[in-house]
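Shown next, in C-alpha cells, is the structure this report addresses.
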Amino acid sequence: DAGVTQSPTHLIKTRGQQVTLRCSPKSGHDTVSWYQQALGQGPQFIFQYYEEEERQRGNFPDRFSGHQFPNYSSELNVNALLLGDSALYLCASSLGRVREAFFGQGTRLTVV
Amino acid sequence: AQTVTQSQPEMSVQEAETVTLSCTYDTSESNYYLFWYKQPPSRQMILVIRQEAYKQQNATENRFSVNFQKAAKSFSLKISDSQLGDTAMYFCAFRRSYNTDKLIFGTGTRLQVFP
Chain A
1 DAGVTQSPTH
11 LIKTRGQQVT
21 LRCSPKSGHD
31 TVSWYQQALG
41 QGPQFIFQYY
51 EEEERQRGNF
61 PDRFSGHQFP
71 NYSSELNVNA
81 LLLGDSALYL
91 CASSLGRVRE
101 AFFGQGTRLT
111 VV
Chain B
1 AQTVTQSQPE
11 MSVQEAETVT
21 LSCTYDTSES
31 NYYLFWYKQP
41 PSRQMILVIR
51 QEAYKQQNAT
61 ENRFSVNFQK
71 AAKSFSLKIS
81 DSQLGDTAMY
91 FCAFRRSYNT
101 DKLIFGTGTR
111 LQVFP
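For the protein sequence lines, the chains are A and B, in the order given. Going by the working numbering, the residue at position 36 of the first sequence is 36; the numbering climbs one at a time, nothing skipped. Going by the working numbering, the residue at position 97 of the second sequence is 97; the numbering climbs one at a time, nothing skipped.
Okay, structure coming up:
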C-alpha cells in the first residue's frame, strides 16, 4: 500500500514565478492537508481539502491556492513567489474518526 | 487560539538510556488530541504516539510513553532504551477533536542519541 507521495522532491524557482506542487494521498484517504515548514520551525497549516472543496484555511495569503481532484489527489499552487516562500511543503492525508494524519516526504522549494 | 510550546530546542542522550521531551499547550477546548511526531533527516513526519484528552490513561507504544497532565496542559514524551535510530526532530502537535484535521505544531526538539 503506497503511502502519501509528493512530487517533485526538490524545486528551485525565481522570485515572481508560479509553482505547482502535487500530492497523492494514502490509499482510501479522502482528505488532504498542506503544511509549510520553514527551516528550523514546526509545520504551519496552509489549508485542507475534502470532497474537492477547501474546508479550512490557515493564515496564508491568497497567493496560496489549491485544488483536489475526484481521485482525492491534490495540488498546491503558489503565485508571485517571494524569497520567504522557501520552505519544505508537506502534504498529509487522513480518514476516519480519529483522522490520523499520514505525511509525505515533502517538496523542498527554494526561491532565488 | 491554541498554541503548542516546546522549550527544549536540543536534547542528547546516550544509547540505552531514557530521555524525556517536554511539551506544553494552551487551549480552551475540553476534547482534543495530542500527538508526538518524529521527523528524521528523510523529512517525512512519522507519528510516534497519540493521546486523546478524554482518556486519563497515558498512552504507550513500545519504548515510547507519554505523561499527560490535562490540568497542567502538559504532554511529555519519554523514550526508554534509546536507540541510534531515534535521532531526529520531535514535534508535539495539538488537534481539536471535531470538525478539523488541522494540526498545530510546536517548534520541535532535536534529539541526538550517542553511542
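Note that the Cβ used here is the ideal one computed from N, Cα and C, for glycine as well.
How long is the line joining the alpha carbons of residue i and residue j, rounded to whole angstroms?
{"i": "A101 of chain A", "j": "F91 of chain B", "result": "14 Å"}
{"i": "S7 of chain A", "j": "S93 of chain A", "result": "15 Å"}
{"i": "E61 of chain B", "j": "E75 of chain A", "result": "34 Å"}
{"i": "R63 of chain B", "j": "S80 of chain B", "result": "5 Å"}
{"i": "V4 of chain A", "j": "M45 of chain B", "result": "11 Å"}
{"i": "S12 of chain B", "j": "S74 of chain B", "result": "21 Å"}
{"i": "A53 of chain B", "j": "N67 of chain B", "result": "12 Å"}
{"i": "Y32 of chain B", "j": "A93 of chain B", "result": "11 Å"}
{"i": "R15 of chain A", "j": "Q68 of chain A", "result": "26 Å"}
{"i": "G28 of chain A", "j": "P40 of chain B", "result": "26 Å"}
{"i": "G66 of chain A", "j": "N77 of chain A", "result": "6 Å"}
{"i": "N65 of chain B", "j": "F35 of chain B", "result": "Checking the displayed sequence, the identity of residue 65 of chain B turns out to be Ser instead of Asn. The straight-line gap from Cα to Cα measures roughly 11 Å."}
Relative to the alpha-carbon of residue i, which residue among the options has its alpha-carbon at the smallest distance?
{"i": "L118 of chain A", "options": "A:V4, A:R22, A:G3, A:A2", "result": "The requested residue 118 of chain A does not occur in the structure, where chain A is confined to residues 1 to 112."}
{"i": "V19 of chain B", "options": "B:S28, B:F114, B:E10, B:S82", "result": "B:S82"}
{"i": "Y89 of chain A", "options": "A:V111, A:G106, A:S27", "result": "A:G106"}
{"i": "F45 of chain A", "options": "A:E52, A:D30, A:S27, A:F64", "result": "A:F64"}
{"i": "D26 of chain B", "options": "B:K55, B:P41, B:R95, B:G108", "result": "B:R95"}
{"i": "V112 of chain A", "options": "A:Q18, A:F103, A:Q56", "result": "A:Q18"}
{"i": "S76 of chain B", "options": "B:L84, B:G85, B:A59", "result": "B:A59"}
{"i": "I49 of chain B", "options": "B:Y37, B:F68, B:I104, B:Q56", "result": "B:Y37"}
{"i": "V32 of chain A", "options": "A:T9, A:L83, A:E54", "result": "A:E54"}
{"i": "T20 of chain A", "options": "A:G42, A:D85, A:P43", "result": "A:D85"}
{"i": "P70 of chain A", "options": "A:P25, A:Q36, A:L82, A:R15", "result": "A:P25"}
{"i": "Q41 of chain A", "options": "B:S7, B:Q14, B:Q51", "result": "B:S7"}
{"i": "Q56 of chain B", "options": "B:S30, B:S42, B:P40, B:Q39", "result": "B:S30"}
{"i": "A38 of chain A", "options": "A:R99, A:L83, A:F103, A:G104", "result": "A:L83"}
{"i": "Q112 of chain B", "options": "B:L84, B:Q2, B:S42", "result": "B:L84"}
{"i": "P61 of chain A", "options": "A:S27, A:L81, A:D30", "result": "A:L81"}
{"i": "C23 of chain B", "options": "B:T87, B:K70, B:P115", "result": "B:K70"}
{"i": "G58 of chain A", "options": "A:G16, A:R15, A:Q36, A:K13", "result": "A:Q36"}
{"i": "T87 of chain B", "options": "B:E15, B:A72, B:S28, B:Q51", "result": "B:E15"}
{"i": "G106 of chain B", "options": "A:L11, A:Q48, A:Y49, A:P43", "result": "A:P43"}
Could you work out which residues of chain A lie near residue i, taking near to mean beta carbons separated by less than 8 Å?
{"i": "K102 of chain B", "result": "S33, F45, Q48, Q56, G58"}
Report the neighbours of residue i on chain B: residues whose CB is nearer than 8 Å to its CB, in chain order.
{"i": "E100 of chain A", "result": "L47, R50"}
{"i": "Q105 of chain A", "result": "S42, R43, Q44"}
Can you name the residues that DSSP bridges to residue i?
{"i": "R110 of chain B", "result": "B:E10, B:M89"}
{"i": "V78 of chain A", "result": "A:V19, A:F64"}
{"i": "T110 of chain A", "result": "A:I12"}
{"i": "L90 of chain A", "result": "A:Y35"}
{"i": "V4 of chain B", "result": "B:Y25"}
{"i": "N67 of chain B", "result": "B:S76"}
{"i": "K38 of chain B", "result": "B:I46, B:Y90"}
In chain A, what lies closer than 9 Å to residue i by C-beta?
{"i": "F68 of chain B", "result": "Per Cβ cutoff of 9 Å: no residues; F68 of chain B is ~16 Å from chain A at best."}
{"i": "T107 of chain B", "result": "G40, Q41, G42"}
Under 9 Å (Cβ pairs) to chain A, residues found in the region 21-49 of chain B: Y33, F35, Y37, Q39, S42, R43, Q44, M45, I46, L47
Where the region 67-93 of chain B meets chain A: residues whose CB sits under 7 Å from a CB there: Answer set for the region 67-93 of chain B: F91.
Positions along the region 62-94 of chain A whose CB lies within less than 7 Å of some CB in chain B: From the region 62-94 of chain A, only L88, L90, S94 have a Cβ closer than 7 Å to chain B.
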